[in-house]
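Here is the structure we will look at.
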Amino acid sequence: MATQANEEHVAVAEADDDNIRIDPDDALEKAIHDLQDVVDKDNEAATAGLSKTLREIPLQVQAVIGRAELSVAELNRLEKGSTIALDSRVGDPVDIFVNGVKVATGQMQVSEEEPDRFAFKVTSVCA
């Protein structure tokens, strides 16, 4: 009787002619299995769905032009019009971070499409 109850809570999936037993309540295991199927198959249709999903994930991109170190007292004295000197110079390379990970280096420039905005010209991509 216990075996029959266990059988009711187990789903069977086919993958490369092997039966794989997956607990339908275990979403993580199913997700890993589904992703493994996508990775294992050289079928463009299978990867297209994953690629579309990956392309839609929002990422935070930051251009770091320089850094400064301030004491609490200096921070407390800041007011409108204050200037903070950075550790970089005009023309120095700028680091680009995506979700906190450095992905590229380049130069700041004026956007060709919108001249009142900054843009970033990639000079090297991190491996």
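Taking this note's numbering, the leading residue of the sequence shown gets -14, the next gets one more, and so forth. All C-beta atoms in this analysis are idealised placements derived from N, C-alpha and C, irrespective of residue type, glycine included.
Cα-Cα separation, residue i to residue j
i      : j      : result
Glu166 : Gly91  : Nothing in the structure corresponds to residue 166, since the chain is present only between -14 and 112.
His18  : Phe105 : 39 angstroms
Ile42  : Leu55  : 35 angstroms
Ala48  : Ala16  : 34 angstroms
Thr108 : Ala70  : 25 angstroms
Cys111 : Ala89  : 5 angstroms
Arg52  : Ser73  : 7 angstroms
Asp80  : Val86  : 10 angstroms
Pro78  : Met93  : 8 angstroms
Ile7   : Lys37  : Note that Ile7 scores 48 on pLDDT, short of 50, meaning its location in the model is unreliable; the coordinates nonetheless yield the value given after this. Distance between the alpha carbons of Ile7 and Lys37: 26 angstroms.
Arg102 : Val57  : 32 angstroms
Arg62  : Val95  : 32 angstroms
Arg40  : Leu60  : 40 angstroms
Thr68  : Ile50  : 15 angstroms
Proximal residues to residue i (C-beta, below 6 angstroms), its chain only, five neighbours per side dropped
i     : result
Asn84 : Leu44, Gln45
Phe82 : Gln47
Glu99 : none
Nonlocal neighbours in the same chain, by C-beta distance under 8 angstroms from residue i, ignoring five residues either side
i       : result
Asn76   : Checking the displayed sequence, the identity of residue 76 turns out to be Gly instead of Asn. Excluding sequence neighbours, Gly76 sits near Gln92.
Asn(-9) : In this prediction, Asn(-9) scores a pLDDT of 40, lower than 50, which makes its location untrustworthy; the coordinate-derived value is nonetheless stated afterwards. If we look at Asn(-9) and ignore the five residues flanking it on each side, it has no Cβ neighbours.
Any beta strand (DSSP E) of 3 or more consecutive residues that is wholly inside the region 40 to 112: 46 to 49, 79 to 83, 86 to 95, 103 to 110
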